[in-house]
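Student: A single structure is presented below for examination.
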Amino acid sequence: MSIARPTAAVVLFALSVALLMLVVLDLRDNDGAAVMIALFGIPMIAAAIVVQFYLSAAAGIRAERPMQALEEMQDAQRVSRSFLWWILLVLPVGVLAGAVFAILREPDYFLGDGPWMLIWLPIFVAVALLLGGVVWFFFVFPVALLVKAVRASLRGEGAPAMYVWPIVLLLIGALCIVGGLSTDFATVGKAATIPVILSILGIPGPYQVLWEPGLWIVRGIIAVLMVLFVATWLKDRPARRAEKR
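First residue of the sequence shown: 974, per the working numbering; consecutive thereafter.
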């Protein structure tokens, strides 16, 4: 089975949008938002969609849990690898070609700090492609599961449990994005654990609130996640007791 055609369609559409942004939009506006989206956001989203194509072809979207999906992707042998050159060669080369045109448009913007900044462009695109797997896991994959659950429900075959995992993954993804946009931490890595907890609890600490409503959205998402986990645990409790007996 080959997914080269849908992959080609996604890549060509992504390149069209990215090149249009780099050619038409003001590259300096909104602190270079057009450049960020064209060189980073669009390749990342395109890679995430292609990962879902691969899963659909390899496993027929039979997976209902994240780890099950990853296992089925690893075991798949019947999907042609001809699609890889679209996502690993055509997309990055096309985006970098658009970046060259953007540099010619605004040389001072890209080369103001020195020509060494050009080294980061291919690294930037490569990181975007790698992070496409993260976007797939937290957004594209759960959306596909929700579509599958809705179809099953319309056929009278669905169960409420089919909605749990996709909703949890979407909430975690939204939690990371909204939380990152709402606060600015002075530390990173493990050292940021305590400031993150303090910001969620509303306790003053080594962080800066950038968007107060975003913090309340984060707290609401955490509350929903806790309710889902507790409800799932209570539902499975009788089954666990029966297994022990």
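Even glycine gets a Cβ: it sits at the ideal position worked out from N, Cα and C.
These numbers come from a predicted model, not from an experiment.
Comparing C-alpha positions only, which one of Phe1097, Val1024, Ser1053 and Ser1029 sits nearest to Ile1010?
Tutor: Here residue 1010 is taken as the residue at index 37 of the sequence shown, counted from 1. Checked all of Phe1097, Val1024, Ser1053 and Ser1029; the closest Cα to Ile1010 is Phe1097.
Student: Taking buried to mean at least 16 other C-beta atoms within 10 Å of its own C-beta, is Leu1084 buried or exposed?
Tutor: To locate residue 1084, count along the sequence shown from 1; it is residue 111. When all chains shown are included, Leu1084 counts as exposed.
Student: Leu1190: which of Pro1179, Tyr1180, Leu1174 and Arg978 sits nearest, CA to CA?
Tutor: To locate residue 1190, count along the sequence shown from 1; it is residue 217. This sequence places Ile at residue 1190; Leu is not what is there. The residue with the shortest Cα to Cα distance from Ile1190 is Leu1174.
Student: According to DSSP, is Asp999 helix, strand or coil?
Tutor: If you number the sequence shown from 1, residue 999 lands on position 26. In this structure, Asp999 counts as coil in the three-state DSSP scheme.
Student: Could you check where the beta strand (DSSP E) with Val1182 kicks off and where it finishes?
Tutor: Here residue 1182 corresponds to residue number 209 of the sequence shown, with the count starting at 1. Per DSSP, Val1182 belongs to the beta strand (DSSP E) from Tyr1180 to Val1182.
Student: To which residues does DSSP link Phe1158 through a beta bridge?
Tutor: Reading the sequence shown from its first residue, position 185 is the one you call residue 1158. Answer by DSSP bridge pairing, in chain order: Tyr1180.
Student: Report the CB separation of Ser1155 from Gly1187 in whole angstroms; it is logged as a contact under 8 Å.
Tutor: To locate residue 1155, count along the sequence shown from 1; it is residue 182. To locate residue 1187, count along the sequence shown from 1; it is residue 214. Contact flag correct, Cβ pair sits at about 3 Å.
Student: Out of Ile1092, Arg1192, Ile1170 and Phe1202, point me to the one whose CA is closest to Ile1140's CA.
Tutor: In the sequence shown, residue 1140 corresponds to position 167, counting from 1. Ranked by Cα distance from Ile1140, the options Ile1092, Arg1192, Ile1170 and Phe1202 are led by Phe1202.
Student: For Met1090, count neighbouring Cβ atoms within 10 angstroms of its own Cβ and tell me buried if that reaches 16, exposed if not.
Tutor: Within the sequence shown, residue 1090 is the residue found at index 117, counting from 1. Label assigned to Met1090: exposed.
Student: Say whether the stretch 1157–1167 touches the stretch 1193–1208, bearing in mind that this needs 3 or more beta-carbon pairs closer than 8 Å, one atom from each stretch.
Tutor: In short, these stretches do not touch, since the Cβ pair count stays below three.
Student: At the level of alpha carbons, what is the spacing between Ala982 and Ile1176?
Tutor: As a first step, residue 982 must be located in the sequence shown, where it is residue number 9. As a first step, residue 1176 must be located in the sequence shown, where it is residue number 203. Looking at the two C-alpha atoms, the distance is approximately 49 Å.
Student: Do Phe1013 and Ala1101 have their beta-carbon atoms positioned less than 8 Å apart in this structure?
Tutor: Sequence index remark: in the sequence shown, residue 1101 carries index 128 (1-based). Sequence index remark: in the sequence shown, residue 1013 carries index 40 (1-based). Going by C-beta atoms, Ala1101 is nearer than 8 Å to Phe1013.
Student: How about Val990 and Leu1000: are their beta carbons less than 8 Å apart?
Tutor: Here the question's residue 990 lines up with position 17 in the sequence shown. Here the question's residue 1000 lines up with position 27 in the sequence shown. Val990 is not a Cβ neighbour of Leu1000, given a cutoff of 8 Å.
Student: Give the DSSP-derived three-state secondary structure of Arg1079 in the structure shown.
Tutor: On the sequence shown, position 106 is the one that residue 1079 refers to. For the sequence presented, residue 1079 should be read as Glu rather than Arg. It is coil, neither helix nor strand.
Student: Need the endpoints of the alpha helix (DSSP H) that Val1271 sits in, please.
Tutor: Residue 1271 lies beyond the range of the chain shown here (974 to 1218); nothing can be said about it.
Student: Sorted by chain position, which residues of the same chain lie with C-beta nearer than 8 Å to Ala1099's C-beta, five sequence neighbours on each side aside?
Tutor: Against the sequence shown, residue 1099 aligns to sequence position 126. If we look at Ala1099 and ignore the five residues flanking it on each side, its Cβ neighbours are Pro1065.
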